[in-house]
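Engineer:
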Ligand code: SF4
Ligand code: SF4
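Numbering (my numbering), first residue to last: 1 to 194.
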């Protein structure tokens, strides 16, 4: 009987001391430290969280978060869309009838991006698209908090062409192709007449 009482008191004391320890620990605010700090993952320990969104944990430089595309530097090569394992990049391209300009790394631009959409709801953040991009214009940013109300809002549109502009460029290309085909036919007919 005495043993049981002693065990009960001992358990009670352990429980109380644990509760009191947590009570005081919970009053301390967690510090925001750089991702490069050796103690970065120790922040998961403790009883209280940081005061988000007033405070937020710095993210590692090599972290993979929301994608961004600098469309002026895109040569519309389609490599990113081809390598994407989940087909979440959709590009509609229109060949330009003449040189459009140059990217910031000096690559010539000869194709218009009538559409350049990335469905971040499908994206698995593998980063493959950023690796294959020859002009490094598609990048992973450190933005992780982009809450939206509708699923379709997670499709980011990067093309800066309007539907009218795309139609106009397509008409110019069709005209150029028709002229080339007519010139070739004329040449072929001239050759066969000789
Ligand atoms: S990070 Fe991966 S899944 Fe996401 S768009 Fe790029 S290739 Fe596709
Ligand atoms: S790989 Fe780069 S340059 Fe090619 S289409 Fe994608 S974003 Fe544009």
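Just so it is clear, CB atoms sit at the ideal spot from N, CA and C, and this is done for glycine as well.
It should be emphasised that the depicted structure is a prediction, and the values quoted were computed from it without experimental measurement.
1) Does the distance from the C-beta atom of residue 94 to that of residue 111 stay below 8 Å?
2) Shortest alpha-carbon distance to residue 144 belongs to which of 20, 120 and 179?
3) So residue 91 and residue 78 are supposed to be a Cβ contact under 8 Å. How far apart are they, rounded?
4) Quick one: what's got a C-beta closer than 8 Å to residue 33's C-beta in the same chain, skipping five residues either side?
5) Any heavy atom of ligand 1 within a distance shorter than 7 Å of the CB on residue 123?
6) So the alpha helix (DSSP H) residue 81 belongs to, where does it begin and stop?
7) May I ask you to verify whether the segment 130-144 touches the segment 98-116, counting CB pairs closer than 8 Å and requiring at least 3?
8) According to DSSP, is residue 73 helix, strand or coil?
9) Let me confirm a value: residue 99 is counted as buried when at least 16 other C-beta atoms fall within 10 Å, else exposed. Which label applies?
10) What are the boundary residues of the alpha helix (DSSP H) that residue 131 is part of?
11) Tell me whether residue 12 is buried or exposed, calling it buried when 16 or more other Cβ atoms sit within 10 Å of its Cβ.
12) I need the DSSP call for residue 35, collapsed to helix, strand or coil.
13) With distance defined between alpha-carbon atoms, name the residue in 126, 15 and 142 nearest to residue 35.
14) Identify the continuous beta strand (DSSP E) that holds residue 94 and give its terminal residues.
15) Under 8 Å, do residue 117 and residue 65 count as touching if we go by C-beta distance?
16) Using three-state DSSP, classify residue 140 as helix, strand or coil.
17) Could you name the residues of the same chain whose beta carbon sits closer than 6 Å to that of residue 128, not counting the 5 residues immediately before and after it, in chain order?
18) Count the other CB atoms within 10 Å of the CB of residue 80; is the residue buried (16 or more) or exposed (fewer)?
Structural biologist: With the given structure in hand:
1) In this structure, residue 94 places its C-beta atom within 8 Å of the C-beta atom of residue 111.
2) Minimum Cα-Cα distance from residue 144 among the listed residues 20, 120 and 179 corresponds to 120.
3) 6 Å between Cβ atoms; contact.
4) If we look at residue 33 and ignore the five residues flanking it on each side, its Cβ neighbours are 39, 40, 43 and 58.
5) For residue 123, the distance from the CB to the nearest heavy atom of ligand 1 is below 7 Å.
6) From DSSP, the alpha helix (DSSP H) with residue 81 extends over 79-83.
7) They touch, by the three-pair rule.
8) In the structure shown, the three-state DSSP call for residue 73 is helix.
9) Of the other Cβ atoms in all chains shown, fewer than 16 fall within 10 Å of the Cβ of residue 99; this residue is therefore exposed.
10) 128-132 is the span of the alpha helix (DSSP H), which, as asked, contains residue 131.
11) When all chains shown are included, residue 12 counts as exposed.
12) DSSP places residue 35 in coil when its eight states are reduced to three.
13) Nearest C-alpha to residue 35: 142.
14) Residue 94 -> beta strand (DSSP E) spans 89-95.
15) Result no, Cβ atoms of residue 117 and residue 65 do not sit closer than 8 Å.
16) Here residue 140 carries a strand assignment [DSSP, helix/strand/coil].
17) 83, listed in sequence order.
18) Buried, by the Cβ-count rule.
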